[in-house]
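With the numbering used here as the guide, the letters of the sequence shown map in order to residues 10 to 148. All C-beta atoms, glycine included, are put in the ideal place defined by N, C-alpha and C. Just so it is clear, the structure is predicted and the values come from calculations on it, not from any experiment.
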Amino acid sequence: HLSLSSLILLFTFLSVCVRDGLSSISISYLFAFSVFSILYSFAPAWNGGKIVKFLADISYPLYAVHASFGYIGMRILIENGINSLIALAAMIIMSLLLAWIMHLIVERPTHIAGKYLGKVIADHYFFKFSHGSTYAKYN
């Protein structure tokens with residue numbers, strides 16, 4: 010089943026295609042949307058495995074570094090005579106490595122600190138009665 014937001018996205022995309030005609034870009038987006046929709050329908054029964062978990066863990070750091078680090082690195086390599094496919098492969102590997110390092114050094118520790126800080130704040134401003142309900146303290 011498709012979510013409401015997916016249906017709205019599909020309707021918007023098809024409206025643009027009707028208005029502007031099909032181009033190779035719009036066909037690419039339609040293909041990507043179709044693949045996403047099909048795979049999304051299997052999501053509840055699939056955990057993804059180790060590779061997908063790794064990519065999920067580094068997704069934000071990868072988003073943060075891929076454009077600047079990857080594109081600039083590719084340009085530098087290509088301008089220095091490195092084959093474009095080799096430059097692409099090198100920057101993919103380097104971007105994944107940098108994202109993983111950022112995940113380990115920045116993201117994971119701040120998640121732990123955030124959970125701890127959230128617990129400290131919650132314990133300070135809330136208390137539990139014997140029956141388990143949580144009520145706000147009145148200062």
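Q: Could you tell me the boundaries of the alpha helix (DSSP H) in which I102 lies?
A: On the sequence shown, position 93 is the one that residue 102 refers to. First-last of the alpha helix (DSSP H) with I102: S93 to M111.
Q. Excluding sequence positions up to five away, which residues of its chain have a Cβ less than 6 Å from the Cβ of I110?
A. Position 101 of the sequence shown, counting from 1, holds the residue named residue 110. Once the five neighbours on either side are set aside, I110 has no close Cβ partner at all.
Q. Would you call the region 111-123 and the region 65-74 in contact, with 3 or more CB pairs under 8 Å?
A. Taking 8 Å as the limit for Cβ pairs, the verdict is that the region 65-74 does touch the region 111-123.
Q. Which residue comes first and which comes last in the alpha helix (DSSP H) that contains F51?
A. Along the sequence shown, read from residue 1 onward, the residue named residue 51 stands at position 42. From DSSP, F51 is part of no alpha helix (DSSP H); its letter is neither H nor E.
Q: Answer with buried or exposed for V27, where buried requires no fewer than 16 other C-beta atoms within 10 angstroms of its C-beta.
A: Position 18 of the sequence shown, counted from the first residue, corresponds to residue 27. Using a 10 angstroms sphere on the CB of V27, the tally of other CB atoms stays under 16, which defines it as exposed.
Q) In angstroms, rounded to a whole number, what distance separates the CA positions of F40 and L64? A) Residue 40 sits at position 31 when you count from the first residue of the sequence shown. Residue 64 sits at position 55 when you count from the first residue of the sequence shown. Taking the straight line from one Cα to the other gives about 22 Å.
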